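Chemist:
In the numbering used here, the protein residues as written are -9 to 133.
This is the structure in structure tokens:
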């Protein structure tokens, strides 16, 4: 059973998590409205693979910038600062595999059902810390 939440202006659907993958990975479908951008961050306990389903993602992996279209992917190694953004005037949709499982826990604990409801940032920061995520700047900053 999938669960969907708004988190930092993106609509994220948990397709698979630790309960169905024995903790090996999370599979998340992400919808980024035009202009949406994550803050610079890194995952110290899991890697991330982004696969573009539609639209275009601009991804900074460390200092390297790549623009990905449908059918393309990028691997973000554990511990690598990165930003994912939908910078065109069209939304972007992609799949993320986070391995081992942890990212879905953050989404489920801190995401909201209403797009206009702000997440509890104190809880977001606590769960991020627990799963080894580090926020390295504000949305709009680059790694």
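For glycine and all other residues, C-beta sits at the position ideal for the given N, C-alpha and C. Every value quoted in this text rests on a predicted model; they were computed, and no experiment measured them.
Would residue 51 and residue 72 qualify as a contact pair, given that the criterion is a beta-carbon distance under 7 Å?
Modeler: Locating residue 51 in the chain shown gives position 61, where the first residue counts as 1. Locating residue 72 in the chain shown gives position 82, where the first residue counts as 1. Closer than 7 Å, so yes.
Chemist: Report the partner residues of residue 72 according to the DSSP bridge assignment.
Modeler: In the chain shown, residue 72 corresponds to position 82, counting from 1. Looking at the DSSP assignment, residue 72 forms a beta bridge with 31 and 51.
Chemist: For residue 121, name the three-state secondary structure that DSSP assigns.
Modeler: On the chain shown, residue 121 is found 131 positions in, with the first residue counted as 1. Three-state DSSP puts residue 121 in coil, outside helix and strand.
Chemist: What number of angstroms, rounded off, separates the C-alpha of residue 117 from the C-alpha of residue 35?
Modeler: For the purposes of this step, residue 117 is taken as residue 127 along the chain shown, with counting starting at 1. For the purposes of this step, residue 35 is taken as residue 45 along the chain shown, with counting starting at 1. If I take the Cα positions, the gap works out to 13 Å.
Chemist: With a threshold of 16 other CB atoms inside 10 Å of the CB of residue 91, please say whether the residue is buried or exposed.
Modeler: Residue numbering aside, residue 91 sits at position 101 when the chain shown is read from its first letter. Buried, because 16 or more other Cβ atoms sit within 10 Å of the Cβ of residue 91.
Chemist: Which of the three DSSP states, helix, strand or coil, is assigned to residue 19?
Modeler: By one-based count along the chain shown, residue 19 stands at place 29. Reduced to three states, the DSSP call for residue 19 is strand.
Chemist: Count the other C-beta atoms from every protein chain shown that fall within 10 angstroms of the C-beta of residue 61, then say buried if there are 16 or more, exposed otherwise.
Modeler: Position 71 of the chain shown, counting from 1, holds the residue named residue 61. Classification of residue 61: exposed, given that the 10 Å Cβ count is below 16.
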